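Residue -7 is where the sequence shown starts when you use our numbering, and the numbers rise one by one after that. Just below is one structure, and these are the notes that go with it.
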Amino acid sequence: MRGLIKRRNDSVWEFLIIPSLIVVGFVILAELVDWLDNHAGPQATWGFFRLWLSQYVGDTQAAIGVLTAIAGSLFTVTSLTFSILLLAVQQGATVLNSQIVDHYLRRKSNRAWFGFFVGVSLFVLITLVQTTHTKTPVFGVMVSTFLGALALTALIVLIYGTVDQTRPMTVIDTIVEAAKEARVRQLQLLAAAAPLVQPAAEIPILCPADGYLVKVDFKALERALASEPAARLYLTKPIGSFLPAGTRVAWIGGATNVTELPRRVLEALMIRVQRDITHDPAYSLDHLATIGWTAISTAHSDPAVGAIVIHALQRLLHAWATPVQRAQPTATQIF
């Protein structure tokens, strides 16, 4: 059960890590600005810049009114915009492929935008709460005003970027680039392992739960086999394979430790409930095939998109035409 929960939460954690870091940065900034306002000293000791800014802030009640207006505007505009953008992405997924949503959420720039808008809103809220114990929150109000204006302006960039990412050409190019990057990672794995041969093995390794083989941690496998020089590991399933519980995913031959080594091998085989384009180039090909088939079907009748998909597949065929270099059987313990 613990492993199953971990498998399901991986995608959530992958999505949240960048926005969370940005939000934490804005929280730290809010505390820093509050510290500057609370340690400004008497007004007679203020510098020219702070005195100049203070004329636009007024007293505490005026600052609270300004911050309340900024916070309300940010929440309203941001929530409406995000709702419209998600509808646009969902519409694009309906027309082309449901995986467009995954590609949209996978982009680091989109996750950074989400974190930015949430962080700005939280910054203004924290500043508003802290204003009650700050006599003249000059920097708090001015930084909140600047960030609010920046966020509203950035919405234009976010809207354009979202619309552009749902265009067929952009979607297909994104999938092609993801396939190329995944193929590079796959070639590194293939180059380090020898071609699979019929194993003279006695220890089968069974898949503990249903899922897809999304990644093989080759470094972890090498560390696991380092203590067993005579052992050989035979991986029988390629990345992207669906593995029902109990499926034989690998063999171990020549090992003396028949309990610890299989456990460490299983830990190096990442099995998830959904395929991952990061290490599985075939998954990107499935996306392209679905987009092309949907585009030329009678439901959409868009041969232009079908032609773009065919050209994308030709590009991948040309990029992957180089023969794969494999390790010699005598130079590795992994097949």
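Using N, Cα and C, we set each Cβ at its ideal position, and we do this for glycine too. Since this is a predicted model, take the numbers as computed values, not measurements.
Worksheet item: Taking buried to mean at least 16 other C-beta atoms within 10 Å of its own C-beta, is residue 178 buried or exposed?
Response: Here residue 178 is taken as the residue at index 186 of the sequence shown, counted from 1. Around the beta carbon of residue 178, 16 or more other beta carbons sit within 10 angstroms, so the residue counts as buried.
Discussion item. What does the alpha-carbon distance come out to for the pair residue 269 and residue 96?
Written reply: What you label residue 269 is simply residue 277 of the sequence shown in a count that begins at 1. What you label residue 96 is simply residue 104 of the sequence shown in a count that begins at 1. Between the alpha carbons of residue 269 and residue 96 lies a gap of roughly 13 Å.
Practice prompt. Within 10 angstroms of the Cβ of residue 175, are there 16 or more other Cβ atoms? Answer buried if so, exposed if not.
Written response: Sequence index remark: in the sequence shown, residue 175 carries index 183 (1-based). With 16 or more Cβ atoms within 10 Å of its Cβ, residue 175 is classed as buried.
Worksheet item: When we look at the beta-carbon of residue 152 and count the other beta-carbons within 10 Å, is it buried (16 or more) or exposed?
Response: Walking along the sequence shown from the start, residue 152 turns up at place 160. Residue 152 is classed as exposed because its beta carbon has fewer than 16 other beta carbons within 10 Å across all chains shown.
Worksheet entry | For residue 227 and residue 208, believed in contact at Cβ under 8 Å, the rounded distance | By one-based count along the sequence shown, residue 208 stands at place 216. By one-based count along the sequence shown, residue 227 stands at place 235. With a Cβ gap of about 7 Å, residue 208 and residue 227 count as contacting.
Worksheet item: Cα separation between residue 154 and residue 81?
Response: By 1-based counting over the sequence shown, the position of residue 154 is 162. By 1-based counting over the sequence shown, the position of residue 81 is 89. C-alpha separation (whole angstroms): 7 Å.
Fill in: Cβ contact (3+ pairs, closer than 8 Å) linking the segment 102 to 120 and the segment 8 to 23
Judged by pairs of C-beta atoms under 8 Å, the segment 102 to 120 touches the segment 8 to 23, as three or more such pairs exist.
Worksheet entry | Selected residue, minimal CA-CA separation from residue 170, among 278, 55, 290 | Stepping through the sequence shown from its first residue, residue 170 is reached at position 178. It is 278 whose Cα lies nearest to the Cα of residue 170.
Fill in: Start-to-end residues for the beta strand (DSSP E) that takes in residue 242
Within the sequence shown, the letter at position 250 stands for residue 242. First-last of the beta strand (DSSP E) with residue 242: 240 to 245.
Practice prompt. Classify residue 269 as helix, strand or coil using the three-state DSSP reduction.
Written response: One-based indexing of the sequence shown puts residue 269 at position 277. Here residue 269 carries a coil assignment [DSSP, helix/strand/coil].
Worksheet entry | Three-way DSSP call (helix, strand, coil) for residue 310 in this model | By one-based count along the sequence shown, residue 310 stands at place 318. Helix.
Worksheet item: Within the chosen definition, does the segment 51 to 70 reach the segment 232 to 251 through at least 3 CB pairs nearer than 8 Å?
Response: Not touching, per the Cβ criterion.
Worksheet item: With DSSP run on the structure shown, which of helix, strand or coil describes residue 84?
Response: In the sequence shown, counting from the first residue as 1, residue 84 sits at position 92. DSSP, reduced to helix, strand and coil, places residue 84 within a helical segment of the structure shown.
Discussion item. For residue 280, tell me which candidate among 54, 108, 8, 163 has the shortest Cα-Cα distance.
Written reply: The sequence position of residue 280 within the sequence shown is 288, counting from 1. Closest by alpha carbon: 163.
Discussion item. So, with DSSP's three-state summary, where would you put residue 175?
Written reply: Start at 1 with the first residue of the sequence shown, and residue 175 comes out as number 183. Helix at residue 175.
Discussion item. I'd like to know whether the C-beta atoms of residue 10 and residue 103 end up nearer to each other than 7 Å.
Written reply: Residue numbering aside, residue 10 sits at position 18 when the sequence shown is read from its first letter. Residue numbering aside, residue 103 sits at position 111 when the sequence shown is read from its first letter. Yes, these two residues count as a Cβ contact at 7 Å.
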